[in-house]
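Oh and the sequence shown: position 24 is 23 in numbering that gives the first Met the number 0, straight run, nothing missing. Cβ atoms here follow ideal geometry from the backbone N, Cα and C, with glycine treated the same way.
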Amino acid sequence: MMKLEVLLFQVINNKKIMVDSLIKPEDVEKILIVRTNKRIGNMFFLLPFLHETRKCYPNAEIDLVLNLPWQGKIFENISINKIFYSHFSFKDIFKWGECIKELKKNDYDLVLMPYQSVGDAVTSALMNGRNKTAFVSDINGIAFPHAVVEDDCERHFAFKPLKILEGIGNHLEKPYGYEIILSEGEVESATTALRDLSKDSSSRVLAYFRGARGTKVLSENVWKGIVAKFKDYDPENTICVEILSPDIQTPLEGDTQVYQNADMRALAAFLAQCDMFICSDTGPLHLADAAGANCIGLFTETDPTVYGCIGANTVNVTDIENIDVNVIFSQLGLK
């Protein structure tokens, strides 16, 4: 099977404008970043790579390939020249073909594939690129002659591909960018929404979302216990707001405030205005993290050193039965 995959990349590999030498960063004028994954959390983990690519190539034009149109909202206001949508899947093969046709009208100095996947590798192999860079792979390596060895990478999934940028001659400095860029209008609307919910109260706003998938789902009793711990820290000055979704329409407790918004940028702005947000390892947690919210991530199945919150105002919790609210408030700088 592996030999067939290698043969595939030998056949489709586009070397039309490829050069052997590595282009100096200051000579790169046009970049393509390819990430056709469908999962929402993986879109947020792409943000550091985009931000750091922009820092490394401040004058370059950056295009981005995603899978579906809704994903583009995450990357608004980040100086992306154009976003292409591949629709990479068997059922949408013709849409993917149209996307490839459109992309091949461009010549890129640098084609970057930050994460390994078949869809990304095939798409990248077909592009017109002088340099093509990814992590070294036995399968698709022929399509990426300027690949970087996957050694001494950051452990976190969001930071791991930054090694690729370093491997092609760039110097990166912490802290890495990871944020979605909210507009003033989005922040103002969120501030108004929160003020309406809290009735102009000066109380602390505790938001939480119970949605999760599979074994990450916590029972209602567990959630009641978690919310009670945080509320009891200062019961007279805490307002609880449950975030609802199409899957969760009934709040955990009848006397709590609720908020729901299908626009993820509006939701991100709202969560950033709350004093804290509690959530399991799901898309909304990483959305809030990228918006700069005070996040408390509950990790019962996944490793937070790999998939945890990465913002400065976040706490990743693995022992949910022994949550120390005092410690968390201190870590978040709350009183």
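Checklist entry - Do three or more CB pairs link the region 259 to 269 to the region 228 to 247 at distances below 8 angstroms? => result yes
Checklist entry - So what's residue 75 in DSSP terms, helix, strand or just coil? => result coil
Next on the checklist: Going by DSSP, what residue range makes up the alpha helix (DSSP H) through residue 131?
Outcome noted: From DSSP, residue 131 is part of no alpha helix (DSSP H) but of the beta strand (DSSP E) over 128 to 132.
Checklist entry - If we count the other Cβ atoms within 10 Å of its Cβ and call it buried at 16 or more, is residue 10 buried or exposed? => result exposed
Item to check | Residues of its chain near residue 300, where Cβ-Cβ distance is below 6 angstroms and the 5 sequence neighbours each way are ignored | outcome: 214 and 215
Item to check | Whole-angstrom C-beta distance between residue 107 and residue 30, which should lie under 8 angstroms | outcome: 6 angstroms
Item to check | Integer-rounded CB distance, given that residue 120 should sit under 8 angstroms from residue 139 | outcome: 4 angstroms
Checklist entry - residue 136 and residue 211: beta carbons closer than 7 angstroms? => result no
Item to check | Distance between beta carbons of residue 176 and residue 68, contact taken as under 8 angstroms | outcome: Going by Cβ atoms, the distance from residue 68 to residue 176 rounds to 24 angstroms, so no, they are not a contact pair.
Item to check | Distance between residue 179 and residue 311 (C-alpha atoms, nearest Å) | outcome: 14 angstroms
Checklist entry - Which whole-angstrom value describes the C-beta separation of residue 270 and residue 238, a residue pair presumed to lie in contact below a C-beta threshold of 8 angstroms? => result At roughly 14 angstroms, the Cβ-Cβ gap does not stay under 8 angstroms, so residue 270 and residue 238 are not in contact.
Item to check | Whole runs of the beta strand (DSSP E) within the region 201 to 225, excluding any shorter than 3 residues | outcome: 203 to 208
Next on the checklist: Using 7 angstroms as the threshold, is the C-beta distance between residue 324 and residue 295 below it?
Outcome noted: no
Checklist entry - In three-state terms, what does DSSP make of residue 313? => result strand
Checklist entry - Rounded C-beta distance between residue 161 and residue 51? I'm assuming under 8 angstroms. => result 6 angstroms
Checklist entry - Is the region 125 to 133 in contact with the region 141 to 150, if contact means three or more CB pairs nearer than 8 angstroms? => result yes
Item to check | Close Cβ partners of residue 168 (< 8 angstroms) along its chain, the five nearest in sequence each way excluded | outcome: 21, 23 and 24
Checklist entry - Using the beta-carbon count (16 or more within 10 Å), is residue 246 buried or exposed? => result exposed
Checklist entry - Apart from the five residues just before and just after residue 15, which ones in its own chain have a Cβ nearer than 6 angstroms to its Cβ? => result 127
Checklist entry - Which of the three DSSP states, helix, strand or coil, is assigned to residue 272? => result helix
Checklist entry - Should residue 90 go down as buried or exposed, given a rule of 16 or more other Cβ atoms within 10 Å for buried? => result exposed
Item to check | Span separating the alpha-carbon of residue 350 from that of residue 284 | outcome: With the chain covering 0 to 334 only, the question about residue 350 has no answer from this structure.
Checklist entry - Alpha carbon to alpha carbon, what distance is there between residue 253 and residue 328? => result 26 angstroms
Checklist entry - With a CB to CB cut of under 6 angstroms and the five nearest residues on each side skipped, what residues in its chain are close to residue 308? => result 288, 294, 296 and 315
Next on the checklist: Please report the distance separating the alpha-carbon of residue 81 from that of residue 75.
Outcome noted: 11 angstroms
Checklist entry - Which residues bound the alpha helix (DSSP H) around residue 165? => result 161 to 166
Next on the checklist: In whole angstroms, give me the CA-to-CA distance for residue 6 and residue 123.
Outcome noted: 16 angstroms
Checklist entry - For the beta strand (DSSP E) that contains residue 256, what are its first and last residues? => result 256 to 258
Next on the checklist: Could you pull the DSSP bridge partners for residue 300 from this structure?
Outcome noted: According to DSSP, which records beta bridges pairwise, residue 300 is partnered with nothing at all.
Checklist entry - Relative to the C-alpha of residue 173, which residue among 184, 153 and 195 is closest? => result 153
Next on the checklist: In the DSSP output, what is residue 89 paired with across the bridge?
Outcome noted: Beta-bridge pairing links residue 89 to no other residue.
Item to check | Boundaries of the alpha helix (DSSP H) in which residue 55 is found, first to last residue | outcome: 46 to 55
Next on the checklist: Out of 111, 194 and 209, which one is the CA nearest neighbour of residue 35?
Outcome noted: 111
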